[in-house]
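For the sequence shown, this note's numbering assigns the number 1449 to the initial residue and increments by one for each residue that follows. Even glycine gets a Cβ: it sits at the ideal position worked out from N, Cα and C. Everything numeric in this text was worked out from a predicted model, so none of it was measured. Each remark here refers to the structure printed beneath this line.
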Amino acid sequence: MKFQIYIQKHTTQITWTTAALIVAGFLSKYLINSTVFYQIFLAVASIIAVIPIAIHAYQAIRAKVISIEFLVTVAVVGAFIIGEYNESAIVTFLFLFGNFLEQKTLSKTRESIKSLTEMAPTTAEIVQSDGSIEEVDIDDVDEGDIVLVKTGAAIPVDGVVVEGNGYADEAAVTGESREVNKSLDDEVFSGTMLSDGFLKIKATKVGDDTTFAKIVELVEDAQDTKSHAEKFIDRFSQFYTPAVLLIALAVFIFSRDFKLAITVLVLGCPGALVIGAPVSNVAGIGNGAKRGILIKGGEVMDTFAKIDTFVFDKTGTLTKGSTSVSATKRYNDDFKQTLALTAKVETLSDHPLGRAIMQYADDQKIDYRNLAIRDNQTVKGQGIIAKIEDHQVLVGNMKLMTAHQVMISEQQRADLTELQGTGSSVVIVAIDDQIAATFGVSDVIRPEVAEELAALKAGGAKHLVMLTGDNQVTANYVAQQLGIDEVHAELLPDQKVEYVKQFQDQGRHVAFVGDGINDSPSLATADIGIAMGSGTDVAIETSDVVLMQSSFAALVHAYKLAKKTVLNTRENVTIAIAVVAFLLIGLIAGFIYMASGMFVHEASILVVIFNAMRLINFGKKNDAKLAPEVVHG
C-alpha cells in the first residue's frame, strides 16, 4: 500500500525520468553506436514507466473493471516478450505524458476553486462584551457574534455591518471585479476581502452555512457531476476494453503474428475518447465559476445548451426591483425649486412613491432638508398639502388637484395619460394653485436588458416570455421596450408554474429566470432554473444555474458557454473516433506500426486536451460587460 502511494505521488517524476532514459538510449545508439546501451536504457525506461500504469490496472481489476491501463500493461509485457523495448518505452512514456497533460489541464480549470479555498479565513477577531478583542478559530465563531475585520483581512462570516465603513472585494462570491462600499446594515459575505476601512459585523451564518462555503461545495460537486456524454463513454469503455482484448486474441489465433496482436492492443486504447468529455466539462464549468456563473454539472450544461424558451420574472429580474423616478414633466422655469419643495413634502410620508422622489432629489444634489414646513395636512387616498415658506404645495393624485380646483391644461392631461401608459405611478405637484410638475415613478427596467436579450436570441433562443404578478398595462409596456415575444400578467406563483408546464407540454425546452426566492417553484419546474441573485440559500439550492452578479451579460455568457462546451465535447468525441478508425485502417493497410500508431494515438489525446483548454478563455473579451450595474435602493 505504501509503495502504491509513493508511486502515485511521484508519477510526474517517473514520466520525466522515462523521457530522459529514452533520450539517453537514442543518443547512445546514434552517437556512440552502442546497441547494448540503447536496449538497456529503453528496457529500464519501460520497467519504470509501466509500474504506475500496472498499479492502476490492478486497482481497476480489483473493482472488476478491465481498464485502458490493463491494455497498456499487457501490450508492454508482449513487447518485452518479442524484444521490442523501444516500442514499450515509447508506449508507456506517451501514455504517462498524456495523463500528465490531462491532470495539468484539469488543475488549471480548477484554479478558481483553489483560489476560493485559499481565501477562506482560518481565524476571526471576536468583539467581547467588554469591548476587548479575542482571536479565535473560525470554527468557534457562533451566530450573533460581533466580528471585527480590519483593512486587508478576509471577512470570516456572512453577516450584517453594525459599525464602520469600508470597501469589500466580492469577486470570490459575485465575480464582480470592482470594490463595493459597505456601511451600516449592509450585507457582507464570508471569503470576501476588506481592501479599505474597518467593519464590525454581526454574524448571521458561520462555517459550512456561509454563502462562500456553499459556492465552493457547489462548484466542486458540479465539476465531478458527469454529463450524458461522459456517462455514455463510461458504459462504452466497460465493453470496449474486453472487446479489444478479444480482437487481439483473435488476430493472434488467425495470423500467428504476436507483434500484430500486441499492436492491436496498444492502438485500441481509447484514451482520447475517455478524457475528451470530462476535460471539456471541467473546463466549461471552470470558465463559468471564474465569472460568477455557477453551473451545477455536466448534465445541466447539456440541458442548458438545448434551451429554446426563456421565461422571465419581471420585478427584480427584468427590472431593478425598486421604485425610482423614471420620467418628469416640467411646467415652470424653476424645476430645482419644484423638486426641493416636492421632496420636502414627501419627508412627511413613508409611501414608496415619496421615497423614490426623495431619492431622486438626493441624486440631483437638491438641498431640501433645511426647508421649513409651517403647516401640513394628509388627505387619505389623495396626497399631502403643505405650506413651505411662502408657498402652498400640493403633492398627490388627480383627486387632490380636483378637490382644490387646480386647473389642468390639455397638454398636461396628455402628459398624464402618456405616463400612465408606461405603467408608471403618477405624482402631480401644484405650487400656489398652478401645476408645476408631474413625476412618473416605476420599477425601472435594467438598462442593459434589451441589448442582452437581443444577444440571447442571436445565441439561439427562440422564445422570450415574461410571467409577472404585475398589472397588464405595465407588463405590456416592459415587454414592448425589451422585445419580449409573449406576456402573461397578474399571475400568482402557482399560475407561473402552470405556464412553464404548458410550454414543456408543447415540446419546448424551458429555462426560467427569476430572483431565486418567490419564484422557487417555477425554478424547480423548468428544465433549467436560473437564479439572478446574489447568493441566497434558495437561489443556490433550487436553481441549476446561479448568476451571482444578477447580470444579463452573465446570462448570455452562460448560455453561449453551455452551447460551446457541448459542441467542444462533440468535437473531442469525433476526433477520438476518427483517430481510432484511422489507426485500424492503417494497421490493416500496413502503413501503421506500433510506434507510429502510438504516436498518433497519444497525439490525439493532446489534441482533445488542447481543444478543451480553449474553453478556459471563452468569452474573455466580453468580461468587462459582466460587471453588474449599480442599483439604487
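Distance between S1873 and E1866 (C-alpha atoms, nearest Å): So the alpha carbons of these two residues sit roughly 11 Å apart.
Residue environment, S1476, which counts as buried when at least 16 other CB atoms sit within 10 Å: buried
Own chain, CB closer than 7 Å to A1491, minus 5 neighbours either side, in chain order: Y1533
Alpha-carbon spacing of I1932 relative to G1908, whole angstroms: 15 Å
For I1603, three-class secondary structure by DSSP: The three-state reading of DSSP puts I1603 in coil, since its state is none of H, G, I, E or B.
L1469 (DSSP reduced to helix, strand or coil): helix
Secondary structure of I1574, DSSP reduced to three states: strand
Contact the stretch 1889 to 1909 vs the stretch 1990 to 2009: 3+ CB pairs below 8 Å: yes
Every unbroken beta strand (DSSP E) inside the stretch 1474 to 1548 [3 residues or more]: Unbroken beta strand (DSSP E) runs of no fewer than 3 residues, entirely contained in the stretch 1474 to 1548, are not found.
Which listed residue (K1598, D1815, L1642) has its alpha carbon closest to that of T1795: The shortest C-alpha separation from T1795 is found at D1815.
When D1761, T1658, L1596 are compared against K1944, the one with the closest alpha-carbon: D1761
Within the stretch 1728 to 1807, ranges of the beta strand (DSSP E) (whole runs, at least 3 residues): 1741 to 1743, 1757 to 1761, 1767 to 1778
Where the beta strand (DSSP E) through T1652 begins and ends: For T1652, the enclosing beta strand (DSSP E) starts and ends at 1641 to 1653.
V1595 - partner residues in DSSP beta bridges: I1574, I1649
Residue burial classification, H1458 (beta-carbon count within 10 angstroms, cutoff 16): exposed
Bounding residues of the alpha helix (DSSP H) (the contiguous stretch that carries M1914): Note, M1914: premise wrong, no alpha helix (DSSP H); beta strand (DSSP E) at 1911 to 1915.
Inter-residue spacing [alpha-carbon to alpha-carbon] between Q1882 and P1941: 44 Å
Rounded distance between the beta-carbons of V1843 and I1836, thought under 8 Å: Between V1843 and I1836 the Cβ distance is about 11 Å, and since that is not below 8 Å, they are no contact.
Alpha helix (DSSP H) segment containing D1863, residue limits: 1858 to 1869
Assigned secondary structure, S1872 (DSSP; H/G/I helix, E/B strand, else coil): coil
Chain-order list of residues whose beta-carbon lies under 7 Å from that of I1879 (same chain, five-residue window excluded): T1786, L1789, H1839, V1841
Run of the beta strand (DSSP E) containing V1628, from where it starts to where it stops: 1628 to 1630
Supposed close pair L1939, V1759 - CB separation, criterion 8 Å: With a Cβ gap of about 11 Å, L1939 and V1759 do not count as contacting.
Classification of A2026 by the beta-carbon crowding that lies within 10 angstroms, buried from 16 upward: exposed
Contact test: A1537 Cβ vs the ligand FMN heavy atom, cutoff 7 Å: Looking for the ligand FMN in the displayed structure turns up nothing, as the structure carries no ligands at all.
Boundaries of the alpha helix (DSSP H) in which H2005 is found, first to last residue: Counting along the chain, the alpha helix (DSSP H) containing H2005 begins and ends at 2000 to 2037.
Burial state of E1624, where buried means 16 or more other Cβ atoms lie within 10 Å: Because E1624 sits at a pLDDT of 48, beneath the cut-off of 50, its placement in the model cannot be relied upon, and the following sentence gives the value as read from the coordinates. Buried is the call here.
Among N2016, A2037, T1658, nearest to D1587 - alpha-carbon criterion: T1658
The alpha helix (DSSP H) enclosing D1942, as first and last residue numbers: Start and end: 1941 to 1953.
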